[in-house]
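First comes the structure, then the notes that go with it.
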Amino acid sequence: MPFVVERPAESQIPASQVEGDELLIGRGTNAGLRLDDSAVALEHARIERSGDGYRLQDLGSDTGTYLNGRPVGSAAYLKDGDLLGFGGTQAQVRWRSPADPLTLEVQPVLAAVAAAGPAAVKVPRVDYLRAYALRRPFLTKGLLAVLLTLAAAGGLAALPRLGLWEAFQPGPVSAAHQLQQVKCAGCHTPWKGPTSVSCGSAGCHPRLDHQARQAFTPACADCHFEHRGQASLTRVTNASCVTCHGDLKVKSGEPAFARHVTAFPEGHADFSLTMPGGGRLPVKEAVARQVDSGTVRLNHALHLKPGLLSPEGRVTLVCRDCHQPGPGPTGMTLVTFASHCDRCHRLAFDPALPDAEAPHAEPREVHSALLAAYSVKEGQMGSFRERRRIIVRNPGAEMGLNLSVRVQAQVEEAENHLYRTACLKCHEMNLDARPFPVVARAGPPGEWLPFSRFTHGDHVKLPGMTCEACHGRAAASTATADLLLPGIEACGGCHGGQGRPPGNAAVKAGARNCLGCHTYHPAKGKI
């Protein structure tokens, strides 16, 4: 059954029809009878069909709903001619039979008073600004603010007198500063933070200078944040590093290291290597120019070939057969002939002495050992180890040795065989030098990245990590000069970016931090 709403005071839409058995009255947009009146609630009242009649119900409005001048309780039935009041609005009911729709003639109260005279319904108006005002005669907002401020100031002033300095700490201190002898006043001046001078004045952090190449010197507290519950202050976040290194200012004349680092690896310059002569080259250029200065002739591709022929039969070598973690420049044990090579490269010098091997030593020592092997008289013949011990203990001694022309010829033939086959295969040599050949010394490998903190020991322990993940060029390398150092792209999977670690290796905690590869204070390490 529809409702008809008439508004005689409005000329644009004097009448409208609302379908349904319910008419919602209020100031909200969902009301069928919408009244633009601040004294009317969003959902003020409801008229609903009930049997053969209509029932009016107030919905808990503050100003109330009135029927013929009396407030409506929970519900009231309507009849023809009733006057309804909602805030400053009045509506008259017209309804003659159950078959007719309910018609409401709606107009403001003032207009109704002017038309109907003193008998019109008067709806009380409510002063909402006064009803909801926070103003009170004595306890005003201003007075409350003053009282609370004074109370807070008094409490803060009382805490130092009571010795409760911990109340001023924004958070717990690090483990290193929890010592009994470290007091707040030792680092802080009153109401100020610690300075770099106070960090070193007590002898706690001597010689922790900032990088001398940088144009300015930041304070210690700019990078090492205390009172944040950190176990160690040395765990500086990448954001702290990028604050300076995103646009690093250095002194004039300093080397052109990476100065615009914002992320790794995308915003990081490629690695640069330090050459033996002191110059620096990017990794890609160094690889292309084959700058490895090693003197031992080493063919990685040959050594990694499956089924390699050896004195023990066919073998297949892997990287870790020769390159093993341990003490060394980058956490790797130095490769030596005695520990890694003599398994395959035996230094036999005479088929007549199949168990005899020359020592892997200087040519003078090799000559003495060969003399000992060929010149011992028959009555003094013993094992090769015993004969070698004689000459090692007393090199050059001729007592009891046969230095005949035959022995000298045998030694010369053995040396010629050794130097032109086994030795020359791996070493650069000058066979024309006198009195003995000159062999280029291998020497320990250099450190290509002296400004980084790198060790193989941290990498070989990662589950799933393989040597080939970083040194993939080794399997195809045929020359010693090939530089097998990986570039920045090999490190991005673990140390930042969106890549995945090689071989799905488990990344160690802190590996994505700048300080995982760099240290900053010269007194503690490289920069």
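Everything in the sequence shown is counted per my numbering, starting at 658 for the first residue and increasing by one. Glycine included, C-beta positions come from ideal geometry on N, C-alpha and C. Computed from a prediction, not measured in an experiment: that's the story for all the values here.
Taking just the CA atoms, how far does Ala1136 sit from Val830?
In a straight line, the C-alpha of Val830 is about 55 Å away from that of Ala1136.
Give the DSSP-derived three-state secondary structure of Pro963 in the structure shown.
DSSP places Pro963 in coil when its eight states are reduced to three.
Mapping the DSSP letters down to three states, classify Val972 as helix, strand or coil.
Reduced to three states, the DSSP call for Val972 is strand.
Leaving aside the five residues before and after Thr894 along the sequence, list all residues of the same chain whose C-beta is less than 8 Å from its C-beta, in chain order.
Counting only Cβ-Cβ distances below 8 Å, and skipping sequence neighbours, we find Asn1170.
Mapping DSSP to helix, strand and coil, what is Gly677?
Coil, per DSSP.
Please return the same chain residues whose Cβ sits closer than 7 Å to the Cβ of Phe994, not counting the five positions on each side in sequence.
If we look at Phe994 and ignore the five residues flanking it on each side, its Cβ neighbours are His1017.
Go through its chain and collect everything with a Cβ distance to Val778's Cβ below 8 Å, but skip five positions before and after it.
For Val778, the predicted model reports a pLDDT of 47, less than 50, meaning its position is unreliable; a value from the coordinates is still stated below. Around Val778: Tyr723, Asn725, Gly726, Leu740, Gly742, Gln747, Val766, Ala769.
Suppose the cutoff is 7 Å on Cβ atoms and the five residues either side in sequence are ignored; what does the same chain contact list for Phe1093 look like?
Once the five neighbours on either side are set aside, the close Cβ partners of Phe1093 are Pro1020, Arg1021, His1024.
With DSSP collapsed to three states, give me the class of Val953.
In this structure, Val953 counts as coil in the three-state DSSP scheme.
According to DSSP, simplified to helix, strand and coil, what is Phe825?
Three-state result, Phe825: helix.
Give every residue of the same chain whose Cβ lies closer than 7 Å to the Cβ of Thr987, excluding the five residues on either side of it in the sequence, and list them in chain order.
Answer for Thr987: Glu1104, Phe1111, Thr1112, His1113, listed in chain order.
Can you pull the DSSP bridge partners for Ser707?
Bridge partners of Ser707: Gly710.
Under 8 Å between the Cβ atoms of Gly1144 and Lys941?
A contact, by the Cβ cut-off of 8 Å.
Any idea which residues DSSP pairs Tyr734 with across the strands?
Partner(s): Arg712.
With burial defined as no fewer than 16 other Cβ atoms inside 10 Å of the residue's Cβ, what is the status of Asp715: buried or exposed?
Classification for Asp715: buried.
Roughly how many angstroms separate the alpha carbons of Pro939 and Ser929, rounded to a whole number?
The alpha-carbon atoms of Pro939 and Ser929 are separated by roughly 4 Å.
Could you give the distance in angstroms between the alpha-carbon of Asp1012 and the alpha-carbon of Cys979?
For Asp1012 and Cys979, the distance between alpha carbons rounds to 25 Å.
Ala605 and Val907: beta carbons closer than 8 Å?
Summary: the structure shown does not reach residue 605, with the chain confined to residues 658 through 1184, and so no result is reported for it.
Please return the same chain residues whose Cβ sits closer than 7 Å to the Cβ of Pro758, not counting the five positions on each side in sequence.
Result list for Pro758: Met658, Pro659, Phe660, Val661, in chain order.
Tell me whether Asn725 sits in a helix, a strand or coil according to DSSP, three-state version.
Three-state DSSP puts Asn725 in coil, outside helix and strand.
Hey, which unbroken runs of the alpha helix (DSSP H) at 4 residues or more fall wholly within the region 853-879?
With a minimum length of 4 residues, the continuous alpha helix (DSSP H) runs that stay inside the region 853-879 are 853-858.
Note down the Cα distance separating Pro755 from Glu762, rounded to an integer number of angstroms.
About 18 Å.
Helix, strand or coil for Ser929? Go by DSSP, reduced to three states.
DSSP places Ser929 in strand when its eight states are reduced to three.
Are Leu713 and Ala696 touching if we call contact CB-CB under 8 Å?
Contact: no.
Can you list, in chain order, the residues of its chain whose CB lies under 6 Å from that of Val953, leaving out five sequence neighbours each side?
The residues are Cys1083, Ala1099.
Considering Thr746, what are the terminal residues of the beta strand (DSSP E) in which it resides?
Unbroken beta strand (DSSP E) run through Thr746: 746-751.
Does DSSP put Glu883 in a helix, in a strand, or in coil?
Glu883 falls in the coil class under three-state DSSP.
Since Ala1097 contacts His957 with CB under 8 Å, what's their CB separation in whole angstroms?
About 19 Å separates the two Cβ atoms, so there is no contact after all.
Pop quiz: Gly828 and Arg885 are said to be a contact at Cβ under 8 Å. What is the actual Cβ separation, rounded to whole angstroms?
Right, their Cβ atoms sit about 5 Å apart.
Rounded C-beta distance between Gln947 and Ala1138? I'm assuming under 8 Å.
With a Cβ gap of about 4 Å, Gln947 and Ala1138 count as contacting.
If you follow the beta strand (DSSP E) that Thr760 is in, where does it begin and where does it stop?
First-last of the beta strand (DSSP E) with Thr760: 759-765.
Would you kindly report the start and end of the unbroken beta strand (DSSP E) that includes Glu663?
That run of the beta strand (DSSP E) goes 660-663.
Give the straight-line distance between the Cα atoms of Leu974 and Val992, rounded to the nearest whole angstrom.
Using only the alpha carbons, I get a separation of about 15 Å.
Hey, out of Gly745, Gly738, Gly744, whose CA is closest to Arg751's CA?
When each option's Cα is compared against that of Arg751, the closest is Gly738.
Do you know how far the Cα of Cys1124 is from the Cα of Ser1061?
Cα-Cα distance, rounded: 54 Å.
Here's the rule: buried if 16 or more other CB atoms are within 10 angstroms of the residue's CB, otherwise exposed. What is Gly1036?
Below a pLDDT of 50, predicted positions are generally treated as unreliable, and Gly1036, at 40, falls in that range; the measurement from the model is reported next regardless. Gly1036 comes out exposed.
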